[in-house]
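Working notes for the structure below.
Protein chains: 4
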Amino acid sequence: MEENQLIKQLIDSGKISDPETPRGRLLVAAAQLFKEKGYNRTTVRDLAAQVGILSGSIFHHFKNKDEILFAVMNEVVIAMDEALKVSLSKANTINDKVRALIANELDFIHGKTSNATYVMVYEWRALSESYQQQIMQGRAGYFELWQSTMDEARREGVIAMEPDCLRQLLHGAIIWTSHWYKSDGKLTIRQLTNRILSLAIKPSSN
Amino acid sequence: MEENQLIKQLIDSGKISDPETPRGRLLVAAAQLFKEKGYNRTTVRDLAAQVGILSGSIFHHFKNKDEILFAVMNEVVIAMDEALKVSLSKANTINDKVRALIANELDFIHGKTSNATYVMVYEWRALSESYQQQIMQGRAGYFELWQSTMDEARREGVIAMEPDCLRQLLHGAIIWTSHWYKSDGKLTIRQLTNRILSLAIKPSSN
Amino acid sequence: MEENQLIKQLIDSGKISDPETPRGRLLVAAAQLFKEKGYNRTTVRDLAAQVGILSGSIFHHFKNKDEILFAVMNEVVIAMDEALKVSLSKANTINDKVRALIANELDFIHGKTSNATYVMVYEWRALSESYQQQIMQGRAGYFELWQSTMDEARREGVIAMEPDCLRQLLHGAIIWTSHWYKSDGKLTIRQLTNRILSLAIKPSSN
Amino acid sequence: MEENQLIKQLIDSGKISDPETPRGRLLVAAAQLFKEKGYNRTTVRDLAAQVGILSGSIFHHFKNKDEILFAVMNEVVIAMDEALKVSLSKANTINDKVRALIANELDFIHGKTSNATYVMVYEWRALSESYQQQIMQGRAGYFELWQSTMDEARREGVIAMEPDCLRQLLHGAIIWTSHWYKSDGKLTIRQLTNRILSLAIKPSSN
DNA sequence: TATGAATGAGTCTTCATTCAT
DNA sequence: TATGAATGAAGACTCATTCAT
């Protein structure tokens with residue numbers, strides 16, 4: 001719900017597309033199809049059909065197919081970054097901060113933006129190089145938040161490993177949950193967050 | 001080194017292709033290109049050029065492009081399974097066994113078969129459904145080895161989480177190393193193995 | 001002339017394609033090329049060139065090459081059937097009815113639809129099996145008209161042979177005319193019709 | 001049986017290939033496959049497989065695929081011509097002569113050489129133009145036998161039509177039997193011969 | 001003579017993109 | 001802005017033919 005608040009803000013400020021607009025609908029459809037079938041196996045016609053328009057009309061909203069993939073990823077990048085900032089600002093202890101890192105990423109992978117988040121990771125190579133660079137620049141702030149939080153955790157002695165290494169191991173563990181975690185299974189998202197947190201931080205506090 | 005021994009055995013027994021043969025060379029090239037550019041963006045001509053033949057000749061060795069992707073994945077599946085069996089048979093303590101699980105997977109992701117292993121994970125959806133099923137059948141044994149080892153670890157009290165959940169988290173952490181770990185960086189593979197092991201197992205023994 | 005009337009009706013009712021539309025033009029070209037060079041030796045590019053479009057555009061009108069062959073044949077099937085119904089309805093004596101059978105078929109083989117009719121006979125094996133079945137179903141009515149007319153002729157004693165056998169012999173004789181009969185030669189179509197009729201029916205009445 | 005006698009003579013004299021030799025076996029297989037699948041859809045590999053050799057070996061026996069088709073047709077041409085000569089030489093009355101024309105052709109269409117005969121008619125356009133001319137030259141004698149016999153029949157008043165026209169109509173009726181006549185059906189070949197003869201000749205004599 | 005891997009031109013088909021309406 | 005026919009480059013795959021062994 002707070003997430004929704006944030007998303008509304010981002011829409012209103014024009015940072016991400018309103019899913020009620022044609023452009024927004026297209027991006028939602030693209031995220032879904034790119035996840036299901038992969039970018040290359042999704043045709044522009046598929047995309048158009050999914051939103052009930054004809055293929056030619058897509059190019060009134062996006063210069064080309066590549067730009068659609070970019071937009072899908074870019075909006076996730078922006079939203080993840082903003083959401084993490086909010087989350088971290090509410091966390092007081094270092095423990096809570098690390099939990100915020102993990103929880104935020106899990107939210108994106110299993111929440112409303114799951115498709116786009118998945119696409120960002122698994123269709124990376126389908127993106128043209130120049131767009132890849134733009135995305136990487138966009139993610140810089142996000143990674144710095146992770147980095148500095150992990151550094152802090154290291155200084156406070158709650159993690160037992162090089163912060164950089166741990167960060168990457170956690171990223172991997174989290175992203176991979178998209179392949180096996182079912183929100184209707186035994187584990188709640190909150191419990192899953194705790195499990196991953198327990199990998200990162202000595203068991204004193206979970 | 002022992003790995004090489006095993007691979008030779010597998011080649012001799014016909015389970016995987018000899019990289020000296022045309023078929024084997026094709027598979028090596030395919031793994032590399034599929035990793036670099038993705039399956040869809042790799043053309044049959046690319047593949048042929050890489051091994052110095054013409055595109056038509058590829059179809060003397062494989063029925064179609066799909067079969068090449070399958071073969072790349074399938075040989076990894078076989079080799080990973082065999083290698084893990086050997087590794088586990090040499091491990092005495094539960095600690096060593098879990099380390100074997102991790103070390104084996106890291107070996108495949110960063111060793112000679114890194115390309116093919118990467119392809120198996122990241123080009124999964126490019127594989128036709130019937131081949132996906134074959135691969136999944138082929139991996140069943142491998143996953144059982146993980147599962148039973150993790151179960152044992154749980155019974156012996158060295159892991160603090162549902163074995164199934166931990167298994168998946170470790171898989172994710174390990175696979176993701178393909179994106180960031182450089183063998184010529186600060187961390188040796190052995191050290192990386194220890195780092196991951198330390199996530200899994202209480203710090204009494206590493 | 002009446003034939004033209006009928007064809008217009010069929011076009012208007014959507015049963016066969018208007019030769020003014022792209023689809024219709026393609027079908028006319030296909031019939032011609034398939035007759036001249038055979039289905040297999042006619043490339044999609046040949047076809048496109050003939051109607052002045054590019055090869056890719058063909059697939060806006062037909063799913064694949066096979067469907068083009070089917071459409072060529074199917075439109076002949078429909079038109080032959082309709083034309084025969086009209087002809088028979090105007091025939092009073094049994095003699096006239098048998099003449100109608102023959103004349104109708106000769107019209108198709110030597111009239112405007114000669115190419116398509118030829119293709120239907122001589123490219124039959126090039127058609128995929130499922131399409132063959134559809135065509136055969138479509139021809140059932142036509143053959144029944146022949147059959148029942150021949151049966152009637154037999155009952156009335158004007159033919160001296162098993163109706164089934166005679167029907168087939170006449171079909172063969174008629175179809176083969178596509179190889180030798182020239183409308184600008186010694187024989188008019190009407191005379192040719194009489195010749196064939198004289199094979200079928202005792203010379204009392206022609 | 002007499003037919004077999006003749007074929008042996010032709011083999012011995014080198015006019016047609018011995019089906020025991022590789023070349024002969026190839027021609028038998030080619031006739032069969034060309035009939036079943038059509039020339040274009042029959043691959044050289046299919047052919048090789050059918051006779052138990054490998055594709056490359058075919059070119060020790062024939063310069064190219066085209067030559068195989070030519071050879072199939074050419075041997076039929078030769079055999080039909082020789083067989084007709086023999087048959088005609090045994091016929092005394094004009095009636096018997098016309099029957100010989102018909103019977104001979106039916107023999108080839110439904111006898112041992114049925115495949116090759118079928119191919120000669122239905123794969124004509126698949127043959128290169130220069131070979132077509134050779135075949136047509138080879139058939140000239142055969143057609144002259146038909147022509148002169150028909151002319152004679154006309155002079156004797158047993159046929160009621162231009163000999164040329166009747167000849168073609170009979171050819172068509174006869175060839176078409178390949179599509180419907182079954183030797184295990186109601187009609188024997190001899191009866192079928194009579195039916196066709198009755199089309200040609202006034203019913204005084206069958 | 002037989003082999004069979006390799007050739008390379010040629011086939012059908014796909015699809016992102018354009019553009020006149 | 002939407003349409004959808006047309007584009008044309010590119011793709012996977014086929015196959016008659018060659019040739020070193």
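Chains as they are written, first to last, in the working numbering: chain A, 1 to 206; chain B, 1 to 206; chain C, 1 to 206; chain D, 1 to 206. Glycine is no exception: its CB is placed at the ideal position from the N, C-alpha and C atoms. Nothing here was measured: the structure is a model prediction, and the numbers come from that model.
The beta-carbon of D/LEU199 is placed less than 8 Å from the nearest beta-carbon of chain C. For B/TRP176, the enclosing alpha helix (DSSP H) begins and ends at 163-180. Between D/LEU106 and D/THR193 a beta carbon distance of about 6 Å is seen, short of the 8 Å cut, so the two are scored as contacting. With contacts defined by Cβ atoms closer than 8 Å, B/LEU10 and B/ALA79 form a contacting pair. Judged by DSSP in its simplified three-state form, D/GLU156 adopts coil rather than helix or strand. Looking from the CA of D/PHE143, the closest CA among D/ALA160, D/TRP124, D/ILE102 and D/SER130 belongs to D/ILE102. Listed by position along chain D, the residues whose Cβ is nearer than 9 Å to that of C/MET161 are ARG195, SER198 and LEU199. With respect to A/VAL98, A/LEU197 sits close: the two C-beta atoms are nearer than 8 Å.
In the structure shown, D/LEU145 adopts helical secondary structure according to DSSP, grouped into three states. Burial is judged here by how many other beta carbons sit within 10 angstroms of a residue's own beta carbon; A/ASP81 has at least 16 and is buried. The way I'd put it, the segment 103-122 of chain A doesn't touch the segment 45-52 of chain A; fewer than three beta-carbon pairs between them come closer than 8 Å. Interface with chain C (8 Å Cβ-Cβ cutoff): D/LEU187 is included. Using a 10 angstroms sphere on the CB of C/PHE70, the tally of other CB atoms reaches 16 or more, which defines it as buried.
The DSSP-derived three-state label of C/ALA91 is coil.
For the segment 91-122 of chain A, the residues whose beta carbon sits under 9 Å from a beta carbon of chain B are, in order, TYR122. Chain A places no beta carbon closer than 8 Å to that of B/GLN50, leaving this residue out of the contacts. B/MET150 counts as buried, since at least 16 other C-beta atoms from the protein chains shown sit within 10 angstroms of its C-beta. Within chain B, the residues whose beta carbon sits less than 8 Å from that of A/TRP176 are GLN168, LEU169, HIS171, GLY172, ALA173, ILE175 and TRP176, listed in sequence order. Looking from the CA of B/ASN95, the closest CA among B/LYS182, B/LEU27, B/GLY157 and B/GLN5 belongs to B/GLY157.
In summary, B/GLU129 is exposed, with fewer than 16 beta-carbon neighbours lying within 10 Å of its beta-carbon over all protein chains present. By the neighbour-count criterion, in which 16 or more other beta carbons inside 10 Å mark a residue as buried, B/GLN137 falls on the exposed side.
In the DSSP assignment, B/PRO22 falls within the unbroken alpha helix (DSSP H) covering 22-37. If you compare the alpha carbons of A/LYS63, A/TYR122, A/LEU166 and A/ALA83 with that of A/ASN40, the shortest gap goes to A/TYR122. Proximity of chain B to A/ALA126 at the Cβ level (cut-off 7 Å) is accounted for by GLY38, in chain order. At least 8 Å separates the CB of A/ARG190 from every CB of chain B.
Taking B/ALA126 as the centre and dropping the five residues before and after it, the same chain places the C-beta of TYR39, ASN40 and LEU69 closer than 7 Å to its C-beta, in chain order.
For C/LEU127, there is no enclosing alpha helix (DSSP H), as DSSP marks it with neither H nor E. For the pair B/ALA153 and B/PRO163, the CB atoms are nearer than the 8 Å cut-off. A direct Cα-Cα distance of roughly 43 Å separates B/LEU199 from B/ASN64.
Annotated as proximal: A/ILE16 and A/GLU75, with beta-carbon spacing under 8 Å. Contact check for B/ALA116 against B/ALA31 passes: the beta carbons are separated by less than 8 Å. For B/ARG41, there is no enclosing alpha helix (DSSP H), as DSSP marks it with neither H nor E.
Taking the CA atoms as reference points, B/PHE34 sits about 20 Å from B/GLU20.
The beta carbon of A/TRP180 falls within 8 Å of a beta carbon belonging to chain B, placing the residue at that interface.
Straight-line spacing of the CA atoms in A/GLY24 and A/ILE58 works out to 12 Å.
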